[in-house]
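Residue numbers (this note's numbering): 5 to 262. All C-beta atoms in this analysis are idealised placements derived from N, C-alpha and C, irrespective of residue type, glycine included. Note sheet for the following structure.
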Amino acid sequence: MPVRLFTFLFLIKSNIVSNITFQETFKIRASEINFNQRATLPAICNLLQEVAGNHARELEFDITDLQKDELTWVLHRLHVKMDRFPEWRETITIKTWPSSGDGLRAYRDFLIKGENNNVIGRSLSYWLIMNIQSRRPARIPKKILEMAPDNTDHVLPVNDPNYSELDHPDYSQQFKVRKTDLDLNRHVNNVHFIEWALSCLPEVSSVNEIDIRFMAESVAGDVDIAEAKKHSSDSSNQYYHQIRRASDNKILAKAISN
5 MPVRLFTFLF
15 LIKSNIVSNI
25 TFQETFKIRA
35 SEINFNQRAT
45 LPAICNLLQE
55 VAGNHARELE
65 FDITDLQKDE
75 LTWVLHRLHV
85 KMDRFPEWRE
95 TITIKTWPSS
105 GDGLRAYRDF
115 LIKGENNNVI
125 GRSLSYWLIM
135 NIQSRRPARI
145 PKKILEMAPD
155 NTDHVLPVND
165 PNYSELDHPD
175 YSQQFKVRKT
185 DLDLNRHVNN
195 VHFIEWALSC
205 LPEVSSVNEI
215 DIRFMAESVA
225 GDVDIAEAKK
235 HSSDSSNQYY
245 HQIRRASDNK
255 ILAKAISN
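Here it is, written out as structure tokens:
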């Protein structure tokens, strides 16, 4: 990574470094709810990333800063667990902070609070810095990895779940990638992968938690297939998911939902 990028990114104002938590409030809109008048899981995921981007901008290492050096943030994994989904027009607060990492991945935690200030959800995200030209990960600068608040545990465990192979899925659905599905990096917005994974489940399913790993890019014109398989236990509401590109069977994402 160029030396000038390190210099630019990490001469961060001391008052920002000493206050590395950030929060925003949102009122749940009609476009973000389902037929139960509750926010959907994809809507929550969109809000989480909005807050993360706004905080990174305050800390002066957001995606637009990185792009000046042909680098960008890429979400590698997202684990979201909701105790309840907020209602239509409810005001929620999302609090977030960078929380160290492991060299190639930077962690970011989130707490979601309802109108009564009780925690209603939590999330742990894992981010890569990618070189735009080579499409390869770059090492996360030490300054970012050291930004964790003192004496603060992760809101969800840091682990490596077993994303099962789906040789014989129970459910599948096909999606054609549109230009409107693309993000700033010109590949499919990761929340669309979450939407597609959940869309192929039977209608009776109720999902409060998803742990998804994003493994490859998809671009406009691709045809992608979302597949799911129910856990072998009859009493379990757990599903294993994968999204693959139809043209070459490349696995784009894997997930576990509950």
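Check: Ignoring anything shorter than 3 residues, give me the beta strand (DSSP E) runs that lie fully in the region 54–135, in order along the chain.; Outcome: 75–86, 95–105, 110–117 and 123–135
Check: Apart from the five residues just before and just after residue 127, which ones in its own chain have a Cβ nearer than 6 Å to its Cβ?; Outcome: 52, 84 and 114
Check: What number of angstroms, rounded off, separates the C-alpha of residue 343 from the C-alpha of residue 192?; Outcome: The structure shown does not extend to residue 343, since the chain spans only 5 to 262, so no value can be given for it.
Check: Determine the extent of the beta strand (DSSP E) in which residue 222 is found, giving its start and end residues.; Outcome: That residue, residue 222, is in no beta strand (DSSP E); it is neither H nor E in DSSP.
Check: When you compare the CB positions of residue 232 and residue 165, do they come within less than 8 Å of one another, or not?; Outcome: no
Check: Measuring CB atoms only, is the region 222–238 touching the region 167–183, in the sense that at least three cross pairs come out at less than 8 Å?; Outcome: yes
Check: From the DSSP output, in three-state form, read off residue 187 for me.; Outcome: coil
Check: Enumerate, from N- to C-terminal direction, the unbroken alpha helix (DSSP H) stretches of 4 or more residues contained entirely within the region 130–184.; Outcome: 146–149
Check: Is it buried or exposed, residue 33, if we count other Cβ atoms within 10 angstroms and call 16 or more buried?; Outcome: exposed
Check: Could you tell me which residues DSSP pairs with residue 246 in its beta bridges?; Outcome: 231 and 258
Check: With respect to the beta strand (DSSP E) encompassing residue 197, which residues constitute its N-terminal and C-terminal limits?; Outcome: First-last for residue 197: 194–203, but that is the alpha helix (DSSP H), not the beta strand (DSSP E).
Check: Note down, in chain order, each residue of its chain lying with its Cβ closer than 6 Å to the Cβ of residue 226, except the 5 sequence neighbours on either side.; Outcome: 181 and 249
Check: Which same chain residues end up closer than 8 Å to residue 251 when comparing Cβ atoms and leaving out the 5 residues on each side of it in sequence?; Outcome: 226 and 227
Check: Once the 5 residues before and after residue 11 are set aside, which same chain residues still bring their CB inside 6 Å of it?; Outcome: Since pLDDT at residue 11 reaches only 35, below the 50 mark, its modelled position is unreliable, and the value read off the structure follows with that caveat. Closer than 6 Å at the Cβ level, and outside the excluded window around residue 11, lies no residue.
Check: From the DSSP secondary-structure annotation, give me the bridge partner or partners of residue 28.; Outcome: 98
Check: What's the gap between the Cα of residue 69 and the Cα of residue 124?; Outcome: 33 Å
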